[in-house]
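Reading the sequence shown from the start, the letters are residues 0 to 1054 in numbering that gives the first Met the number 0. Positions of the beta carbon are idealized from the N, C-alpha and C atoms, including for glycine.
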Amino acid sequence: MEKVMNEKIIMNYEVVELLHKSSSWGNIVFKVKPQNKEKLYVLKCFPKIENGLQKLIFKREIEALRTLNVCEGIVKLRDSSTELYPFKENECYGGILMDYVPGETLDHINWNKYTQLKKYEICLQILRAVNNAHSNNVIHRDLKPSNIIYDKYADKVTLIDFGTSKIKTVMDSETTMPLYSEGYSAPELILGKNITEKCDYYSIGIIMSEVLLSQKNGSDINSRIEEWTGRKEIKDILLSLVQEKPENRPESLENVIVVLEQLIGNLNTSSCSYSIAIDSRKLVQLKRNSIVEESMTMVQFTNSFLKNEFKQSYGYYDVKDQQYVITGERMIMKCGYDENEQKMYVTYVGKITADRRNINIKRSFRIVGQMSFVLNSRDNGYDPQDNHQLVVMFKNHQDDNKQYQLQEEKFENLFGGWEIGLTEAVETEKGKSAIIKYDKYEINGSQLIFNLIDCEKKSIDELMPPTRFVVESQGSKGVIYTEVGNFEEVVCDDDSVKIVLSLTKGRLKPTVRQLLNKNTPLLEDFRAKTMAYKRQFRAIFDLNKDEYSARSLKDIILCLDEPEEIKTISQPSFISKVLNQSQKQAVMKALNTENICLIQGPPGTGKTSVIKEIVGQIIKRDIKMTDSPKILIVSQSHTAVDNILEGLGKVIDNPLEIIRIGAEKNISEEIATKYTIAAHREQLVSEIKNNVQQYVKQKNDLMNTITDKNEAKKWEEVKKIQEDWINRLVDQNSLDYQMIRSAVVIAGTCVGFLSNEVIKDMSFDYVIIDEAAKATTPELLVSIIKAKKIILVGDQNQLPAYADAEVSPTLAKLTKNPDYRLFDILYNSLPDTHKQILTTQYRMIENIGNLISKVFYRGIIDTGCNDDEKRHGLSRYVGKSIVWFDTSANKKKSQKGTKGGSYINEEEKRIILEILDDLKSTGELKGLDIGIITGYSGQKELLRKSIKATGLDKIASKIDINTLDAFQGRENDIIIYSTVRTRDSIGFQKEKERVNVAFSRAKKLLIVCGDKNFFYNFDDQDNKFVEIIDYISEGEECEIIQCDGGKLFERESNS
C-alpha cells in the first residue's frame, strides 16, 4: 500500500521531489528546501531504525559523514534526527539532512561522449575523494557508480551513501550479515573477511574500468582490461586494483594518484607551449647569490635548469606591480608582457621559501602547458607560441587573485598588530627574568651551589622557591633552554653569597655540566610565563594557514563570507521549562548555525542557563544517533567555567564524561571533587580495586574447596597478573589519556585548557566560549580553531579584555579598540540568523533593570522577575531602589592622589560608613548582602581598612569591597558605588562598559556616592552619567540626597 505524505512538509522542510526509494530497505530520499527559502538539500529517511541492522546503517552513515564533513569530494552532512514522521501513518523514521548535489550518478552517464583526458580527470577526482576518506580513517565499503555523482557543469565528483562504511577508530559491537553490491564489492567483503581500505581499491578499479573502457563491467574484467588499447601505465593500475587478493593490490592510493596526475599533466603539457624570454644578466645575478653554479652556461640555464624548475608552475597577476608572477618548484619569476610581439619576458628570477611558495600557490592557478626559455635578444627571432592564451588565463584568474589579495590585506590589518604585541609580551617577560652570574659551583648530593657574582634584573630577595632556572645554548634549530634546577635558598657567608638549587630529577645532565663549567649564566625560566602568548601566536599562524575545523572560518572573521543557516530537521523539545523566548531563540540559532553563532548576554539575562540548555540539546540529539559529541567549554575566568559545570549533572549522568582542566587551587571545591582528572582517577582506581578484591575473595573461597595443586598454582599466578595489571592501571599517563579521550565535555580557561598534553592534539565538534567579549582576539582563536562549530557567549557592553601596557603597549592599545576585538567584529558582521541578544533580565528590581536597559541597551531589556521578591525592606529607603548621595555642594568632597597613580576620597568614605552605621542603628545591617564598588584601588583599600576597624563587616552577612574590574560576574542585594573623582576628569568612568558593570550588580538597591554635578557636566561624548543622572532625577523610585558635609541622618531619640 502506497504511503501518504504529510502535506509535503517534513518538520522544518518542504518536500520538492522524491528522488529515490529503496525496494530492499525502504529508505526514501527526498529533495527538500527549508520553508520560505530556496536552497536545496537532500533528506534521507530510514524506516524501522529500532531494527538492529537498519539502526547500524543509519548510525554509520552519520558517523562517517560527520568525520568527513570538511573533506573535498564528499557530500556534506547538515543535520540528523531520530524522530521524523514523513507519512500520515505516523511511522517514526530516522533522517539525515545533506547538501543537494546536482549532476548524475555515474551509472547514468554515457562515457562515449567524453574525451579520454576528461575521463582521466574524473577518475582522479574519484581517487582523491576516496583517499580523503581513508586519510580520516573511513572505509566506504560500498563504492559503485550509483554512489558517485558527477556534475559536468561544475566538473565536480561527489561521493554519497556511507551507510555501510567503517570507521577504523571505532570498535563495532554489533554483528551483522555482510552487505555488498554485486559486481563492485571486493571478494573479501563478500566472504565476510577482515576489511581494510583495499576493499575500496577493488571497487575503484571496477568503476575506473567502466569509465575508461566506456562499458559496463562483467565477470571477465581482467581480460577486458588486458584487451583494452589504452595506455600501459593505466592498464597496469587497473589490473593491480582488481586483484582478487588484497595483498596484491597497491599499498596506497597515493601512488595511483601520482601516476594519474603525471599522465594528465603530460597530456595537458603537450597541448600548449609558451615561450619565455630571459636575458643573461639574470643568470649572472643567480651566480652572485650562489643559487646556481659558476660553471653553468646560458644554454644549460634555459634548456635544463629553468625548464625543470618550472615544469610544474602556478601563476597570478600582481595588479600593484603589473607583473605576471610564476611560481615553480624552488624558484619564482616575475614577467612583463609586450602585447605587440606577444612576448613574455623575465624581469626577476630568484629563490622562493617553502612558506612563500605555499602562499603563492593558494592565490594562483595551475599553468597547464609546457614552458620553453629563450635568450632575450633583438638579434634572435621570437616565436610567441601560445603566449596569448597564457595571458588570457592570467586575466581570467585575476578576480580570484584579487579576492586572495584582499584576504591577505585584511588578515594583516586585523592580526598584524596582535602578532607585534604578542612578540613584545614575550620579550618583556623574558627581559624581566633574573640572570645569575657566578664564578664557580659545586654539587652537594642533589643540590647545586653557585658562588654568586651578580644577580641581574632582580634582587636576590625577590627569588622565591621553587623558581626554575635554565641555561641557554645554541642548537641547530636555534636557541635551546635546558633545565638546571629549582631555587631553594640564598646563603650569605662573611665574604660570599651562594645560590642553592635542587637538581632537576636529582642529577646533572652532561650537556648542562659542560655549560656550567664555562660559567654560562643561569636564567630564570620565563617559558611558563610566555607559553600563553606563544599559544596565541600559534593560533594566529594556524588560522592564516587554514588549519582550523569550522568551514570558511577565516573569511567569516575577515567579513569576506557569511556563515550559512541550516535549520534542524525537527524542532527540539527544550530541557528547561523556564526558558524565555529570547533564550529559546539563542538555543535554536546555536543549533541551526553551520559553524558560528554569537549570543549577547546583558547583565542578569541567564546566559549560563542558555549554555547549559545548548549542551543538553547537543548531547540529547547526538547520543541517540552516534557516539557522544566532543564539547569544549572555556571562559576567561575559572569561576565562570565552574558555574556552567555546576548544572551539567542534570544532562550528563556519568561524571566521568565531564573533565575540568586547571590547577585545583583555581577550581571550586565542589567541581574539583567531581570533575578534575585527579578526582576521576581516584574514583576509577578505587572502583576497580574494590571489584578485583571482591572477585579475589569469592575466588579464594572457591579455591579453598579445591584440592588440585595445579589449579591452586594457576590461581596464584592469575592473582599476580591481576596485581600487576592494577599497578599498571594506576600509571597516570595512560589512564589520563583514556579518560580525556572518552570525555564528552572538557572545560577550562581560554588558553589554559591546552596545558594538558593530550588535549593539545584534540579537535572538537563544538566549542562554547563564555565571557567571550572579555577575551582578546588571539585568546579566542586558541580554542576557536579547535572546533567545527563555535558558540560565543558574552557582552561587548561589559568589561572588555585587559592587557598590561607595561608588558605590551601594543596589546593594551588593541584590547581597547573594538575594531580589533573579535566579539565586537562578529557582532557587527554576522547576520541576524547567527546572533541573538538575550532580552529579559532576572537579577535586578525593575527600576534598576530599566536604568541599565535604557542607558546601555537601547531600551530592549525587559524585567522577568517579580518586584515583590526584590524589595530590600529597608526603612530608610522605602519605595526607592536607586539613591544618589550627592556631594556636589560639599566643601570636603575633594579627591586626593596616592602613590602609584590611584585616587581616594575621604568624604565619600565617611558617607559610606554613615550609611552602614545607619543600617546598624536600625538593626537592619545584620544579614545584609552588600557589595561596595569603586574604580580605584586606593579607595578600595581605604574603605576596607575603615570598615574593618568599625567591625561593621562582622554584622552584615557579607560586605564585598573591590574595584569594578573584579565585580563582573558577581551580584549583591545592595551595591554602593563610590565615584571618587571631583575634578579634572572622570577618568575611565567615561568607559560605558565599566559603568554598566558597576551599576548592574545590584539586585535590590543601588546607592551611588559622589559629585553628581561634576559627572553630569563632564564634557565627553562617551559620558553615560548624563543619561544615568537624568533617569535618576526623573524616576519615581529614585532619590537624590544632598550631602553638605554634616550628618546625613538625624536619628530619633529613644524616649
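Relative to asparagine 518, the option among Ile658, Val469, Ser274 and Thr529 whose CA is nearest is Val469.
In the DSSP assignment, glutamate 187 falls within the unbroken alpha helix (DSSP H) covering 186-189. In this model, methionine 587 and aspartate 831 are separated by some 12 Å (Cα to Cα).
By alpha-carbon distance to glutamate 209, the top candidate from Tyr200, Ile220 and Asp199 is Ile220. By a beta-carbon distance limit of 8 Å, glutamine 938 contacts tyrosine 902. Their separation comes to about 7 Å. Distance from the CA atom of isoleucine 290 to the CA atom of phenylalanine 414, rounded to whole angstroms, is 34 Å. Taking C-alpha positions only, valine 31 is separated from glutamate 90 by approximately 20 Å. The alpha carbon of methionine 97 has as its nearest neighbour, out of Val28, Lys151, Phe364 and Asn109, the alpha carbon of Val28. In the three-state scheme derived from DSSP, where H, G and I count as helix and E and B as strand, threonine 352 is classed as coil. For valine 470, the secondary structure class from DSSP, reduced to helix, strand or coil, is strand.
For tyrosine 200, no beta strand (DSSP E) segment is defined; the enclosing uninterrupted segment is the alpha helix (DSSP H) at 197-212. The residue among Ile205, Phe486 and Ser180 with its C-alpha nearest the C-alpha of leucine 522 is Phe486.
Beta-bridge partners of isoleucine 9 (DSSP): Tyr12. Buried is the label assigned to leucine 850, since at least 16 other Cβ atoms lie within 10 Å of its Cβ.
With respect to lysine 947, aspartate 928 sits apart: the two C-beta atoms are not nearer than 7 Å. In the structure shown, cysteine 271 falls within a coil segment according to DSSP collapsed to helix, strand and coil. Beyond the five residues adjoining it in sequence on each side, glutamine 242 comes within less than 7 Å, by CB distance, of Arg248 in the same chain, given in chain order. Taken through DSSP and simplified to helix, strand or coil, glutamine 635 comes out as coil. Straight-line measurement puts the Cα of glutamine 616 at about 14 Å from the Cα of glutamate 82.
In the DSSP assignment, threonine 326 is bridged to Tyr313 and Ile331.
Under the Cβ criterion (8 Å, minimum of three pairs), the stretch 744-761 counts as touching the stretch 628-637.
Threonine 228 counts as exposed, since fewer than 16 other C-beta atoms from the protein chains shown sit within 10 angstroms of its C-beta. The stretch 564-572 makes no contact with the stretch 542-552: fewer than 3 CB pairs, one atom from each, lie closer than 8 Å. Taking C-beta separations shorter than 8 Å and ignoring five residues to either side along the sequence, the partners of glutamine 721 in its chain run Val691 and Val695, following chain order.
Contact check between the stretch 880-894 and the stretch 1008-1020: three or more CB pairs, one atom from each, fall below 8 Å, which counts as touching. Here aspartate 438 is exposed. Its C-beta has fewer than 16 other C-beta atoms within 10 Å. Just measuring C-alpha positions, the residue of Arg362, Pro464 and Asn412 sitting nearest asparagine 395 is Arg362. Taking isoleucine 676 as the centre and dropping the five residues before and after it, the same chain places the C-beta of Ile658, Asp735 and Met738 closer than 7 Å to its C-beta, in chain order. The C-alpha of asparagine 1016 lies about 8 Å from the C-alpha of valine 1025. Under DSSP, serine 79 takes part in a beta bridge, and its partners are Ile95. DSSP lists Tyr273 as the beta-bridge partner residues of methionine 370. By the Cβ test, the stretch 414-425 is not in contact with the stretch 475-494, since fewer than three Cβ pairs between them sit closer than 8 Å. Take glycine 968, set aside five residues on each side of it, and the residues of its chain with a beta-carbon closer than 7 Å to its own are Ser636, Thr638 and Ala639, in chain order. Distance from the CA atom of glutamate 1033 to the CA atom of valine 854, rounded to whole angstroms, is 14 Å. Under the three-state reduction of DSSP, threonine 981 is assigned to coil, being neither helix nor strand.
In the same chain as valine 15, and ignoring 5 residues on each side of it, the C-beta atoms closer than 8 Å to its own belong to Phe29, Lys30, Val31, Lys32 and Leu39, in chain order.
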